[in-house]
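Peer 1: Numbering (our numbering), first residue to last: 698 to 867.
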């Protein structure tokens, strides 16, 4: 009977050894993934605190389906409830394509309203929405940031066709 007990013990140890010897499942992030996570957390904090600077690198016009380089000319700055911007615009203004350089810039220096934050994809995507009015023009702005992707800014207006910007938040 003792030999039978030892046999069962040895059989048990032999069968369970691979389970015991396995390393715990710890997911280590690569250096690139860690940097992306840190960058996303900074963006998230800036959006939550309503204090950020958005620099557009590209603009995408829906009617023309063209992508144009902004090369640092387009920006939005938000601090608290005050927004200032200079966004290059090449779409339609009041039904006609913008040709004048003065009309091609969307300049806003005004108070914002209806600022809200929404989280999606288990917190991996953050969407900030706001409204702003400059003279007779009303703008709806949506900023979407997701881990590892450029920050997207969608701008719609009562006088202009919608435009999407692709850029970074600092």
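Where a beta carbon is used, it is the ideal one built from N, C-alpha and C, also for glycine.
Report, in whole angstroms, the separation of the C-beta atoms of residue 784 and residue 747, which I expect to be a contact under 8 angstroms.
Peer 2: Locating residue 784 in the chain shown gives position 87, counting from the first residue. Locating residue 747 in the chain shown gives position 50, counting from the first residue. Actually they are not in contact, since the Cβ atoms of residue 784 and residue 747 sit about 19 angstroms apart, beyond 8 angstroms.
Peer 1: In three-state terms, what does DSSP make of residue 725?
Peer 2: For the purposes of this step, residue 725 is taken as residue 28 along the chain shown, with counting starting at 1. Correct three-state label for residue 725: coil.
Peer 1: Going along the chain, which residues of its own chain have a beta-carbon closer than 8 angstroms to the beta-carbon of residue 795, five neighbours each way excluded?
Peer 2: Reading the chain shown from its first residue, position 98 is the one you call residue 795. Here the set comprises 786, 787, 788, 789 and 801.
Peer 1: Who are the near neighbours of residue 810 in its chain, counting only those whose CB is closer than 6 angstroms to its CB and skipping five residues on each side?
Peer 2: Here the question's residue 810 lines up with position 113 in the chain shown. Only 828 meet the Cβ criterion.
Peer 1: Does the distance from the CB of residue 834 to the CB of residue 854 come in under 7 angstroms?
Peer 2: For this step, residue 834 is matched to residue 137 along the chain shown. For this step, residue 854 is matched to residue 157 along the chain shown. Yes, the pair counts as a contact, with Cβ atoms nearer than the cut-off.
Peer 1: Which residue's Cα is closest to the Cα of residue 791: 857, 699, 701 and 864?
Peer 2: One-based indexing of the chain shown puts residue 791 at position 94. Ranking 857, 699, 701 and 864 by Cα distance to residue 791 puts 857 first.
Peer 1: Taking buried to mean at least 16 other C-beta atoms within 10 Å of its own C-beta, is residue 741 buried or exposed?
Peer 2: Here residue 741 is taken as the residue at index 44 of the chain shown, counted from 1. Buried, by the Cβ-count rule.
Peer 1: At 4 residues or longer, and completely inside the region 770 to 844: list those alpha helix (DSSP H) runs for me, N to C.
Peer 2: 798 to 801
Peer 1: Where residue 824 and residue 818 are concerned, what is the direct C-alpha to C-alpha distance, given to the nearest angstrom?
Peer 2: Along the chain shown, read from residue 1 onward, the residue named residue 824 stands at position 127. Along the chain shown, read from residue 1 onward, the residue named residue 818 stands at position 121. Each residue's Cα considered, the two are about 11 angstroms apart.
Peer 1: Check this for me: beta carbons of residue 750 and residue 862, under 7 angstroms apart or not?
Peer 2: The count along the chain shown starts at 1 and reaches residue 750 at position 53. The count along the chain shown starts at 1 and reaches residue 862 at position 165. Not in contact: residue 750 and residue 862 (Cβ atoms no closer than 7 angstroms).
Peer 1: What is the rounded straight-line gap between the Cα of residue 723 and the Cα of residue 731?
Peer 2: Your numbering for residue 723 matches position 26 in the chain shown. Your numbering for residue 731 matches position 34 in the chain shown. Unreliable placement is indicated for residue 723, whose pLDDT of 48 sits below 50; the coordinate value is still reported in the next sentence. Residue 723 and residue 731: Cα-Cα distance of roughly 15 angstroms.
Peer 1: Closest to residue 821 by CA distance: which of 729, 706, 727 and 734 is it?
Peer 2: Residue 821 sits at position 124 when you count from the first residue of the chain shown. Ranking the options by Cα distance to residue 821, first place goes to 734.
Peer 1: On the CB-based measure, 16 or more other CB atoms within 10 Å of its CB, does residue 806 come out buried or exposed?
Peer 2: Reading the chain shown from its first residue, position 109 is the one you call residue 806. Burial call: exposed.
Peer 1: Work out the CA separation of residue 837 and residue 920 for me, nearest whole Å.
Peer 2: Nothing in the structure corresponds to residue 920, since the chain is present only between 698 and 867.
Peer 1: Using only CA atoms, which one of 728, 826, 793 and 816 lies nearest to residue 851?
Peer 2: For the purposes of this step, residue 851 is taken as residue 154 along the chain shown, with counting starting at 1. Per the Cα distances, 826.
Peer 1: Measuring alpha carbon to alpha carbon, tell me which residue in 703, 700 and 743 is nearest residue 814.
Peer 2: Residue 814 sits at position 117 when you count from the first residue of the chain shown. Considering only alpha carbons, the answer is 743.
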